[in-house]
Amino acid sequence: MASTIPVKIVERSFPNSKTPSLTLLRFLPLAGNITWPSHSAKPIILYTPQDGVLLTVAESNNAADFDDLSSNEMHDAIVSHPYVPTLSASDEKVPVLALQITLFPNKGFSIGCAAHHAALDGKSSNLFMKAWAHLCKNSPCLLPAELIPFFDRTAFQDPEGIDNECLNSRSSMNHAGGGSDSNARSLKPLPPMEVEPNSARATFSFSREDIRKLRERILSQLDKVSDKKDAEPIHLSSFAITLSYALVCLVKARGLKSDEKMMFGFAADCRARLDPPIPTNYSGNCISFCADVLIAGPAMQDDGILFVARKVSELIKGIEKTTLEVEKDKVKKFMATDLDAIPVTVAGSPRFEVYGVDFGWGRPKNVEVTSIDRTGAISMAESKADSGGVEIGLVLKKDVMGIFKNLFVHGLKHD
């Protein structure tokens, strides 16, 4: 699947145009294409000296777009679309990466990035951006060890055949008409969902103090429940707390009926969880997706955040106990599920530290995950304004966004 990853908005001039090429010398597979030779049982990433990454350099005189893209405030969801490249795909091959730099005179510049998820997970995409920024800001030749990608696929052992399970599921979707001409081996991304008309995008921030108070609120509600003694300890990381609060606000803002369901899920980095673990700078895909369904009724009660936090906590604890055998069963169940619940996933992570990507002119003014306007996901990153804080991005109908904002702001003021 192809996805658009952050549009980074930075003030002042744009980066040295030579540094992408210098960075790619360390990330050669990203300059190649995903292809599926007839003699191969599965797709491969093929790089040849003639390959490269399409880099578009553009200029925009639309200062209003720059202001919208730099702001947390509500604006049209599709404002960023012209500033993000697309992956030119065919049935036979698809690029791994595409980049676009757009200059806004007297304002700043944006960097748009599109990557193919079959080749890169979010952590790997951000590793490339950090390496590019480092070479632009510092020495054009040297990268610190933590920014040097590790591509050795032999380090990743898959005796359970999870890759074949995923391929079979993808081929089934192509046969069902999702791919080009029902070609089971087509590499074209599945058709993206259309952005709903009248959709707005906005960013909401949790300060460190907000997260502390929400943790206390959840623990206070936990003290009052009758089954506390029989319950396992609840996992209350900043991620778990902010996601739980956002889901409660979302259920209420959408006006779901008490018996309606919402499926929520997120991906977790498994590099350190494998046995044996693989290096943290492994460039590729090494994630586990976990999901659960919550019923709207309990989430809308006074102790709704506790109800949701318990479910989030259970998912996180389940990841810690995961094995490849468990992952294989998870793929089967997830692909076979006929969802009757509204799906809401998480894109990004505060651990990616996207606001630490400095090309030499300071931190980005804003980072946006453009594709959430089609996927319905909640984007998540570390706060650009508050150390220890978290920010989330959403795309909703404008009227729903207004309700969400009111719930979000007033809910944080609740003691």
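The sequence shown maps to residues 1 to 415 in UniProt numbering.
Think of the CB as a built atom: it goes at the ideal place given N, C-alpha and C, for glycine as much as any other residue.
Predicted, not measured: the structure shown is a model, and the values here were computed from it.
Query	Result
Rounded separation between N183 and K42 - CA only	14 Å
Cβ-Cβ distance between A377 and T345 below 9 Å	yes
Closest residue to D65 among L55, V79, P364 (Cα-Cα distance)	V79
Opening and closing residue of the beta strand (DSSP E) in which L396 lies	390–397
Within-9 Å CB hit, N106 to chain C	Of the chains in the structure shown, none is chain C; there is only one protein chain.
Inter-stretch contact (C-beta, 8 Å, three-pair minimum) for the region 123–142 and the region 351–369	yes
Pick from C286, V251, I211 that is closest to I342, judged by C-alpha positions	V251
Chain-order list of residues whose beta-carbon lies under 8 Å from that of E92 (same chain, five-residue window excluded)	T35, W36, L187
Endpoints, the alpha helix (DSSP H) within which A133 is located	122–137
Segment contact, 8 Å Cβ cut-off, at least three pairs: the region 43–61 with the region 95–108	yes
Helix, strand or coil at N406 [DSSP, three-state]	helix
Residue of N33, I44, E320, L256 minimising C-alpha distance to L167	I44
Three-state class that DSSP yields for F359 in the structure shown	coil
Given 8 Å, three or more beta-carbon pairs between the region 193–210 and the region 391–404	yes
CB of A291 within 9 Å of CB of F266, strictly	yes
CB of L127 within 9 Å of CB of P149, strictly	yes
Alpha-carbon to alpha-carbon, F156 and R271	9 Å
Environment of E73 [buried if 16+ CB atoms lie within 10 Å]	exposed
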